[in-house]
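Asker: Quick note on the numbering used here: the sequence shown kicks off at 18 and runs consecutively.
For glycine and all other residues, C-beta sits at the position ideal for the given N, C-alpha and C.
Please find one structure pasted underneath; my questions will follow.
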Amino acid sequence: MGRISKKGDRYIRRLLVIGMTSQVQRARGYPERVHPWIMQLLERKPMRLATIAMANKAARIIWAILTRDTYYRQAAA
Numbered sequence: 018m019g020r021i022s023k024k025g026d027r028y029i030r031r032l033l034v035i036g037m038t039s040q041v042q043r044a045r046g047y048p049e050r051v052h053p054w055i056m057q058l059l060e061r062k063p064m065r066l067a068t069i070a071m072a073n074k075a076a077r078i079i080w081a082i083l084t085r086d087t088y089y090r091q092a093a094a
C-alpha cells in the first residue's frame, strides 16, 4: 500500500482522480460543506498534489472495504 502506481487499472485510477478533482472544485465553491481534512490539505499542498492525495486515500478506503467485505462507516469529524 503505497502511492497510486501506474501498474494498476488506468480507468479506475482516472475515475478516482476525476472524482477527487470534483471534490476540490466543490471545496472552492462551498468550503463549509467539505470535510475539514480536505480544506487543510488544500491549504498546505498545490491543487493537483492534493487531488492525487485524496484519490490515494479513496483507493485505500475502497480496498479496505472490499477486502474486509464490510460497509463504509464515515469517521467522526
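1) Just curious, the alpha helix (DSSP H) that E49 is in, first and last residue?
2) Quick one, are the C-beta atoms of I55 and A72 less than 8 Å apart?
3) Let's see if you can read the secondary structure: which residues bound the alpha helix (DSSP H) around A72?
4) Who are the near neighbours of A67 in its chain, counting only those whose CB is closer than 7 Å to its CB and skipping five residues on each side?
5) On a CA-only basis, which of R27, Y28, G25 and V34 is nearest A70? Give me that one, please.
Answerer: On the basis of the coordinates in this document:
1) In the sequence shown, the residue the question calls residue 49 occupies position 32. No alpha helix (DSSP H) contains E49, which DSSP labels as neither H nor E.
2) The residue labelled residue 55 in the question sits at position 38 within the sequence shown. The residue labelled residue 72 in the question sits at position 55 within the sequence shown. Between I55 and A72, the gap from beta carbon to beta carbon reaches 8 Å or more.
3) One-based indexing of the sequence shown puts residue 72 at position 55. Element bounds for A72: M64 to R85.
4) Within the sequence shown, residue 67 is the residue found at index 50, counting from 1. These residues qualify, in order along the chain: V41, L58 and L59.
5) For the purposes of this step, residue 70 is taken as residue 53 along the sequence shown, with counting starting at 1. Comparing Cα positions, the closest option is V34.
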